[in-house]
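Note sheet for the following structure.
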Amino acid sequence: MDATSHTLPGRSEAESRGPSNRKPASLGGSIPNGSRLCAVLCTACPGSVGWGGAVKEEAGGWVYILASRHYGTLYVGSTRDLIRRIYENNEELIPGFTKNYGVKTLVWFEAHESVAAAYGREKLIKRWKRDWKISLIEKNNPHWEDLYPNLIRFGAPL
Numbered sequence: 001m002d003a004t005s006h007t008l009p010g011r012s013e014a015e016s017r018g019p020s021n022r023k024p025a026s027l028g029g030s031i032p033n034g035s036r037l038c039a040v041l042c043t044a045c046p047g048s049v050g051w052g053g054a055v056k057e058e059a060g061g062w063v064y065i066l067a068s069r070h071y072g073t074l075y076v077g078s079t080r081d082l083i084r085r086i087y088e089n090n091e092e093l094i095p096g097f098t099k100n101y102g103v104k105t106l107v108w109f110e111a112h113e114s115v116a117a118a119y120g121r122e123k124l125i126k127r128w129k130r131d132w133k134i135s136l137i138e139k140n141n142p143h144w145e146d147l148y149p150n151l152i153r154f155g156a157p158l
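According to this note's numbering, the stretch in the sequence shown is residues 1 to 158, in order.
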């Protein structure tokens, strides 16, 4: 690997490249310095908000809601790494519901002390009526703005 790229945090250079048949399921490969993804994921670059920033495991887990558009299709999920998961959705790196239905807009998220707590909250919200989910979104995001750009810019709140 040359000096113009970084390895994904917690992985060796070989693991970052990963086998070619697994590349869509992960962010395998090197990350060009100064790229938007580098600023999100890398801790070596000035101003990065990635794993060395506020979204590191201190928060435990995250529950989030994605939407295809205002009052469109909703997806409720949980993750250990919110920025990475939303990036994967936006870039359509993972096949499934969000890719099939174009569900990419982060409209709501919530931090939890543990991944288990986040998963439990995800399961609870998934059982809610659609109107309840919409109320939850509109409580703090009445215009259904995409929260992902600010998440990248400022990092996820603790």
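Glycine included, each C-beta is placed from N, C-alpha and C at the ideal position.
Item: Top-ranked residue by Cα proximity to VAL63, from SER114, ASN150 and ASN140; Value: SER114
Item: C-beta contact flag for TRP132 and VAL107 at 7 Å; Value: no
Item: Other residues of its chain near THR73: CB distance less than 8 Å, five sequence neighbours each side excluded; Value: ALA67, TYR101, GLY102 and VAL103
Item: C-alpha gap between ARG190 and SER78, whole angstroms; Value: Outside the shown range of the chain (1 to 158) lies residue 190, about which nothing can therefore be said.
Item: Simplified DSSP assignment, three categories, for TYR101; Value: helix
Item: Start-to-end residues for the beta strand (DSSP E) that takes in TRP62; Value: 61–67
Item: Residue environment, PHE109, which counts as buried when at least 16 other CB atoms sit within 10 Å; Value: buried
Item: Buried or exposed (CB count within 10 angstroms, at least 16 for buried), GLY155; Value: buried
Item: Inter-residue spacing [alpha-carbon to alpha-carbon] between ARG130 and ILE65; Value: 12 Å
Item: LEU93 - containing alpha helix (DSSP H), residue span; Value: Element bounds for LEU93: n/a, residue is neither H nor E.
Item: Where the alpha helix (DSSP H) through GLY120 begins and ends; Value: 115–127
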